[in-house]
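Take a look at the structure set out below.
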Amino acid sequence: MATQKSKLIVVSGIQPSGRLHIGNYVGAVQNWLRLQNKGYRCLFFIADYHSITGDYDSAEKREQVMNLAIDLLALGINPKKCTFFVQSHVPEHTELCWIFNTVTPVSFLERMTQFKDKAGQQDKNINMGLFDYPVLQAADILLYKGELIPVGVDQVQHVELTRDVGRFFNNKYDTYFPETKAMLTDVPKLRSITDPLKKMSKSLGEKSYVALTDSPEEIANKLKRAVTEATGIISMTEEELEHAMQTHADSHADDEKLRGMAGVWNLLAMLKIFGSEDEADRIFAAQPIRYGDLKMLVAQRIAEHFAEFRKNRAILAKNPEKVRRILAAGAKKAQKIAKATMKDVRKTIGVR
Ligand code: TRP
């Protein structure tokens, strides 16, 4: 059983946009590292073709890809233990996407909640790529016959669509693609520092998140301004908070209290992750909490946690050639698999 498990194929991607923050780390990268180090057959890539479906500046994209590659390598993504590459370096992704387009019902894509959300956010740029985004994701995964897909909850629907697309292909032609399964992280979502009712995200502005590259001083400055409630007493369990947040849309009077409570639980969550459970338990037991002290403790633990990362990153950033070589070697390794898949697929569907 254990040996079989260690051979499962893991595929996951991350979009290059701004800087990685601790929410991305906890939600995705930490899981990648665990799987990589447990001996799964991992393919991790930077999803640059997905990222151009949003509004973006072409002058910045190359640097964003480079920065993300440096971040991931500095965090411990190890090209000796996984296949690490950039999506656009392996054009087979888009070729398989086209073929998958022809087995995917439009009605399935119309149901995708991410499409509906993003179409609302960028209403001047509702392009075909945005609509087709999940089919490209299915191609990313099935090109390598991915079985286990570590993602956040927001991507589960896309992984389910991947399974549907694989089934449609298998039914129309011949059984070829495996069943894909999402693997969820059990860590809590980190919330925005400035508005803890929302999840931590780049779109809420610099001060709302801790970037992995922030210096210890920057981390402390951001956390000093973290929103909390005022009494030092935790009057709600995490479950009560979650529940209240789901229903709070129609009771705005409670917003401020809820926001403060969410902020406190967010600090404790960070302490658990970057410090220890014990430390968080001790703070909880010693109410009323002095939030000034708690914030500084959390800042210190985050800074410590990423000290080695900052060191690794500085070294890699001075050697972009080395990073480019790693990515080129990764693309070559990925493409070997991709080419074999496409040869089979073309033959199956009757082209070339
Ligand atoms: N859509 C994913 C996200 O935004 C990124 C992604 C692209 C991905 N292709 C993938 C994740 C394939 C897992 C597998 O988070």
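Note that the sequence shown covers residues 61 to 412 in our numbering.
Ideal Cβ placement from N, Cα and C applies to all residues, glycine included.
Predicted, not measured: the structure shown is a model, and the values here were computed from it.
Assigned with DSSP and collapsed to three states, A286 falls in coil, not helix or strand. R251 carries a strand assignment under DSSP once its states are collapsed to helix, strand and coil. Rounded to whole angstroms, the Cβ separation of F145 and F105 is 5 Å, and the two are in contact under 8 Å.
Pairing D255 with V287 gives a Cβ-Cβ distance under 8 Å. CA-CA distance, I293 to V247, rounds to 24 Å. For H149, the Cβ stays outside the 7 Å cut-off from all heavy atoms of ligand 1. For a cut-off of 8 Å, the C-beta gap from N127 to R79 is around 7 Å, short enough to register as a contact. Relative to A198, the option among G212, G180, F175 and F160 whose CA is nearest is F160. Around the C-beta of K98, fewer than 16 other C-beta atoms lie within 10 Å, and the residue is accordingly described as exposed. The beta carbon of G212 is closer than 8 Å to those of G87, A88, L244, T245 and K249 in its chain, skipping five residues each way along the sequence. Within the same chain, E298 and L301 come within 7 Å of W325 by CB-CB distance, once the 5 residues on both sides are set aside. Set against 7 Å, the gap from the CB of A134 to the closest heavy atom of ligand 1 is not smaller. In the DSSP assignment, S72 falls within the unbroken beta strand (DSSP E) covering I69 to I74.
Non-local C-beta neighbours of L264 in its own chain, meaning closer than 8 Å and more than five positions away in sequence, comprise S252, T254, D255 and K258, ordered along the chain. For a cut-off of 8 Å, the C-beta gap from N138 to Q96 is around 6 Å, short enough to register as a contact.
Closest in alpha carbon position to K403, among L387, Y236 and N281, is Y236.
Closest option to D177, judged by alpha-carbon separation, among D214, K205 and T307: D214. By a beta-carbon distance limit of 8 Å, T154 does not contact V195. Their separation comes to about 10 Å.
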